[in-house]
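For the sequence shown, the working numbering assigns the number 11 to the initial residue and increments by one for each residue that follows.
Built from N, CA and C at the ideal position, the CB exists for glycine as well.
The structure appears right after this line, and notes come after that.
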Amino acid sequence: MIPVSYFFVLSLVLFVLGIAAFFIRRDLITMFLAVEVMLNAANLAFVSLARSAGSTAGQVIVFFIITVAAAEAAVGLAIILLVFRQKKSIKAEDMNLMKG
């Protein structure tokens, strides 16, 4: 059986990669996918913790996180689509609401 600490390390690596991708890349789609990677890293941590404790509470939390991630995906992609239709770009630096 694989030790739980390996899953926590993998979760931490995925979360750090998600943060790095979010701050390094300026494309809205890439930033959106980075947030999804961070949510999945949290899911992995919750499932590993629940598995090691022998509880189902972590799996219930993961179910709610997946539900929130699905709603966030629908709303986020709709917003990105509307921004692309209006600005003809999905670069984050082009999204300045203070400009006319």
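Exposed or buried, which one is residue i when buried takes at least 16 other CB atoms within 10 Å?
{"i": "N106", "result": "exposed"}
{"i": "L87", "result": "exposed"}
{"i": "D23", "result": "Residue identity differs from the one stated: residue 23 is Val in this sequence, not Asp. Exposed, by the Cβ-count rule."}
{"i": "V72", "result": "buried"}
{"i": "S99", "result": "exposed"}
Going by C-alpha to C-alpha distance, which of the options sits closest to residue i?
{"i": "V78", "options": "S58, N50, V93", "result": "N50"}
{"i": "M11", "options": "Q69, V45, R61", "result": "R61"}
{"i": "L91", "options": "I29, L27, I39, R35", "result": "I39"}
Going by beta-carbon coordinates alone, are residue i and residue j separated by less than 8 Å?
{"i": "F32", "j": "A55", "result": "no"}
{"i": "D37", "j": "K97", "result": "no"}
{"i": "I75", "j": "A52", "result": "yes"}
{"i": "S58", "j": "V14", "result": "yes"}
Going by the DSSP bridge assignment, what does residue i pair with across the sheet?
{"i": "D37", "result": "K101"}
Measuring CB atoms only, is the segment 29–46 touching the segment 82–102, in the sense that at least three cross pairs come out at less than 8 Å?
yes
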